[in-house]
Amino acid sequence: MHIQGLSNRLQPTYRNGVKSFLEFAFKDTILNTGAKKRCPCLKCRNYIDHDRETMRAHLFRVGIEPDYNPWIFHGEEQSLDMGNMEMSEEEGDWFDDEDPLVSEEMAALVHDATNVVPENLNEEEEEDRAEIPDKFHRLMKDAEEELFSGCKTFSRLEFIVTLLHIKVSGHWPEKSFSLLLNALQKAFNYDPKFPKSSREAQKYTKDLGLNYVKIHACVNHCILYRKEYENADSCPTCEESRWKEGSGEFDDSVTFSESQGTSQRIPRIPRLVLRHFPLVPRLQRLFMSSKIAKHMRWHKDRKRVDKDVLRHPSDSKAWEKLDDSFPDFAADPRNVRLGLSTDGFNPGAHLGTKYSIWPVFLVPYNLPPWMCMTSPYIMLSLLIPGPKSPGNDIDVFLEPLIDELQELWEVGVKTYDSHSRQNFNMKAALLWTMSDFPAYGNLSGWSTCGKLACPTCHKHTWHKRLKHGSKECFKGTRMFLEPDHRWRNDKKSFDGEKERRPPPIPLSGDEILEAFDGVPNVIFGKKRKRTDRYLFDQWKKLSIFFRLPYWSKLLIRHNLDVMHIEKNICDSILGTILDIPNKTKDTLKARKDLKEMNVHHNLIPIKIGDKYAIPRAPYQLTSIERRKVLEFLSKVKVPDGYSSNIARCASMEDGKISNMKSHDCHVFLQDLLKPAFQDGKEYCNYSLQA
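Start counting the sequence shown at 7; every next residue gets the next number (my numbering).
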């Protein structure tokens, strides 16, 4: 059917091709003679609809678009052109003999970016939809065209995408990247199709479906300007303006310039912008490569050798609970299980600046452990702006993601699986969240401050306020030991009492929903009037995650980041044992609280006049012992990639250990703690083996 020219269009081959195409395109509208479909002629290019007879006349009059194959807008199922492709027996992947420039991932990326079109579009979105076929052909042409005459290594699209990847990986500034593109355009004899600036090159990311959506937010974190508030100019809760002061008050606002005698449009600039990276196209992209699509079944196809060892989230009881509760979801191993993680950080170079920006990441657990936690597969979903931390109002910013997760659970999305070479309805579920302890409270709704800070023990938390340290003390940790553990009967080393209580039972999701029954949820915003600190008990809100139909059935809804906790414990141990100022936990106030608690009488400070004499603790090191520990650490050698150079963290001059990263603290606690604090002479030449 790709025969062009009037004489060629009159040949039987072309006539038969047109007949076959029309029968295929209108096969589902036999009874409706007036049905219209997109016309693939060279004039309409698949963005104008015509009936069958008009389309037939166009195809004979002007010819069919030669690059339109497969017929993706007329019911053909395949997302990739398999006609000229063969299967490599060794690699098990697809390659094109006629055009080696177009890799499977690049071609599939183009198809995926142009095939996923949402329904229920407004007028502006309909115009964007009409541009999709033209965008598709432009991208495919760039994916197939040589970078320059005779180049067999890169196509134009692949080269531009590679440059953008290098820019991001190398942290190139916009100016230097634009200078490089300008020089390359000159080297290619001023090719008009090659971008000459960073802004032009980044347009490809939008066309390929790698862009993000800007959503305006209230400056006080009350609402997002979407759905019913999309056209609002001020927040209905705090009445703060949506726009920055001095920007236009209306879309068509115009100001008159006396100096130039002309009128200028003043753009409206929002005060706060949330950046949302759509999840659906990123999950669909995982199935575009047959190799990655095969790995998405790994959790189901693998052979589990030792059932007592937890190597992957699919080995956990939480995963099994989800499968048992929702067997229809578990029936298809391609359905995606996700984990969510978030935390705040200061993006500036000066740590003294008060600014907190919160990225929200998602991890697909279908992949094997050596893939799912690597950077190519960790997806940035939301970028919550600063300068204020969202805190308890984080639910406001999570709304777009929750809406996506609801749709992915209840409806799903049609996705092409390049491994099985068929379409399927992909669904997704969020297994749990991961965060540090303060963010745990923001995500779960249970306050992690105060007397009932433990979300596991909840209202049964054993707490005691320290008189001198002015902190809450939680001593009921022996409840989690086995019933016959010897520490349960050890009164001297602990609080002077035996521990007989069983471990507390955490609240289930259904119990939480039952407790909130009839309780109105909190009104979000930094300036809202707070009548009470909590709604009841230690609850500050009902988490937005309970909008997900399956959330209350999950075994574990929120997890703590072990690396955060392990680093804090490591710093406290080292600071206390080495007696580092401002780092040690063994202070005069702590010793006075021992007297109030009536424990460890040998460590209670002795008052002499107006001062206190503090007895030496058995865990404190002498100056000679401290020097041996630092000398040992300064000579530690570990295999490449095992950790950073821990020897650089030990300072013999200051007598401190500092600048250890989270993973270094993990290595220290697990492998170096015991040998470091044993006899220094015996372990001075200690070398850790892999």
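Quick reminder that beta carbons are idealized off the backbone N, C-alpha and C, glycines included.
Just so we're clear, the structure is a prediction, and the values are computed from it rather than from any experiment.
**Request:** Determine the closest residue to G252 out of P273, C228, Y235, with distance taken between C-alpha atoms.
**Result:** The count along the sequence shown starts at 1 and reaches residue 252 at position 246. Nearest in C-alpha terms to G252, of all of P273, C228, Y235, is P273.
**Asked** In the structure shown, what three-state DSSP assignment does V369 receive?
**Response** Position 363 of the sequence shown, counted from the first residue, corresponds to residue 369. Strand at V369.
**Prompt:** If you pair each beta-carbon of the stretch 579-598 with each one of the stretch 450-461, do three or more pairs fall below 8 Å?
**Reply:** Flag = no, the stretch 579-598 and the stretch 450-461 do not touch.
**Request:** For D307, name the three-state secondary structure that DSSP assigns.
**Result:** Reading the sequence shown from its first residue, position 301 is the one you call residue 307. In the structure shown, D307 sits in a helix (DSSP, three-state: H, G or I).
**Reference L373; option with closest CA among L679, I384, P365** = As a first step, residue 373 must be located in the sequence shown, where it is residue number 367. Among L679, I384, P365, the Cα nearest to that of L373 belongs to I384.
**Message:** Spatial neighbours of A702 within its chain, please: C-beta separation below 6 Å, excluding the five flanking residues on both sides.
**Reply:** The question about residue 702 has no answer, for the chain in this structure spans 7 to 696.
**Request:** My understanding is that P406 touches S362, with C-beta atoms under 8 Å, so please give their C-beta distance in whole angstroms.
**Result:** Counted from its first residue, the sequence shown places residue 406 at position 400. Counted from its first residue, the sequence shown places residue 362 at position 356. Their Cβ separation, rounded to whole angstroms, is 20 Å, which puts P406 and S362 out of contact at 8 Å.
**Item:** Alpha carbon of F367 to alpha carbon of H282, nearest angstrom
**Value:** Position 361 of the sequence shown holds residue 367. Position 276 of the sequence shown holds residue 282. In a straight line, the C-alpha of F367 is about 11 Å away from that of H282.
**Message:** Does Y20 pass the burial test, meaning 16 or more other C-beta atoms within 10 Å, or should it be called exposed?
**Reply:** Counting from 1 along the sequence shown, the entry for residue 20 is found at position 14. The residue is buried, with at least 16 neighbouring Cβ atoms inside 10 Å.
**Collapsed DSSP secondary structure at M485 in the structure displayed** = As a working mapping, residue 485 is identified with position 479 in the sequence shown. M485 falls in the helix class under three-state DSSP.
**Prompt:** Does the stretch 325-337 come within contact of the stretch 568-578, defined as at least 3 CB pairs closer than 8 Å?
**Reply:** Contact check between the stretch 325-337 and the stretch 568-578: fewer than three CB pairs, one atom from each, fall below 8 Å, which does not count as touching.
**Prompt:** Do the stretch 550-566 and the stretch 486-500 touch if we need at least three Cβ pairs shorter than 8 Å?
**Reply:** By the Cβ test, the stretch 550-566 is not in contact with the stretch 486-500, since fewer than three Cβ pairs between them sit closer than 8 Å.
**Asked** According to the neighbour-count rule (16 or more other Cβ atoms, all chains shown, within 10 Å of its Cβ), is V225 buried or exposed?
**Response** Counting from 1 along the sequence shown, the entry for residue 225 is found at position 219. Looking at its Cβ environment, which holds 16 or more other Cβ atoms inside 10 Å, V225 is buried.
**Item:** Opposing strand residues paired with E206 [DSSP bridges]
**Value:** Residue 206 sits at position 200 when you count from the first residue of the sequence shown. E206 is not bridged to any residue.
**Asked** Between M93 and F154, what straight-line distance do the alpha-carbon atoms span, to the nearest angstrom?
**Response** The residue given as residue 93 occupies position 87 in the sequence shown. The residue given as residue 154 occupies position 148 in the sequence shown. Below a pLDDT of 50, predicted positions are generally treated as unreliable, and M93, at 33, falls in that range; the measurement from the model is reported next regardless. Roughly 29 Å between the two C-alpha positions.
**Asked** At which residues does the beta strand (DSSP E) containing R440 begin and terminate?
**Response** For the purposes of this step, residue 440 is taken as the residue at position 434 of the sequence shown. Checking the displayed sequence, the identity of residue 440 turns out to be Met instead of Arg. Residues 434-441.
**Asked** Looking at C-alpha atoms only, which residue of L16, I70, R291 is the closest neighbour of L28?
**Response** Against the sequence shown, residue 28 aligns to sequence position 22. Of the candidates L16, I70, R291, the one whose C-alpha sits nearest the C-alpha of L28 is I70.
**Asked** Do the CB positions of K43 and F32 come within less than 8 Å of each other?
**Response** Translated into the one-based positions of the sequence shown, residue 43 becomes position 37. Translated into the one-based positions of the sequence shown, residue 32 becomes position 26. In contact: K43 and F32 (Cβ atoms closer than 8 Å).
**Item:** Backbone secondary structure at N495 - three-state DSSP
**Value:** By 1-based counting over the sequence shown, the position of residue 495 is 489. Here N495 sits in helix by DSSP.
**Status (buried if at least 16 other CB within 10 Å, exposed otherwise) for D616** = Locating residue 616 in the sequence shown gives position 610, where the first residue counts as 1. D616 is exposed by the Cβ-count criterion.
**Request:** Put P276 into one of helix, strand or coil per three-state DSSP.
**Result:** Residue mapping note: residue 276 aligns to position 270 of the sequence shown, counting from 1. Correct three-state label for P276: strand.
**Message:** Using a Cβ-Cβ distance cut-off of 8 Å, determine whether A336 contacts chain C.
**Reply:** Given the protein chain composition of this structure (a single chain), no chain C is represented.
**Message:** On the DSSP letters alone, give me the boundaries of the alpha helix (DSSP H) that A63 sits inside.
**Reply:** As a first step, residue 63 must be located in the sequence shown, where it is residue number 57. That run of the alpha helix (DSSP H) goes 58-67.
**Asked** Cα separation between R62 and E150?
**Response** Numbered from 1 along the sequence shown, position 56 holds the residue referred to as residue 62. Numbered from 1 along the sequence shown, position 144 holds the residue referred to as residue 150. Cα-Cα distance, rounded: 29 Å.
**Message:** What does the Cβ neighbour count give for D239, buried or exposed, with the cut at 16 atoms within 10 Å?
**Reply:** Within the sequence shown, the letter at position 233 stands for residue 239. Exposed: under 16 other Cβ atoms inside 10 Å.
**Request:** Kindly list the residues whose CB is nearer than 7 Å to the CB of K504, restricted to its own chain and excluding five residues on each side of it in sequence; keep chain order.
**Result:** Within the sequence shown, the letter at position 498 stands for residue 504. Cβ-Cβ distances below 7 Å link K504 to R494, N495, K497 in the same chain, with the five nearest sequence neighbours on each side left out; the list follows chain order.
**Request:** Please name the residue in T380, I511, S549 whose C-alpha comes closest to that of G447.
**Result:** Here residue 447 refers to the residue found at position 441 of the sequence shown. Selected option, being the one with the closest Cα: S549.
**Message:** Quick check: what's the CA-CA separation for S657 versus K667?
**Reply:** One-based indexing of the sequence shown puts residue 657 at position 651. One-based indexing of the sequence shown puts residue 667 at position 661. Approximately 16 Å, taken between the alpha carbons.
**Q191 in three-state terms, based on DSSP** = Mapped onto the sequence shown, residue 191 falls at position 185. Reduced to three states, the DSSP call for Q191 is helix.
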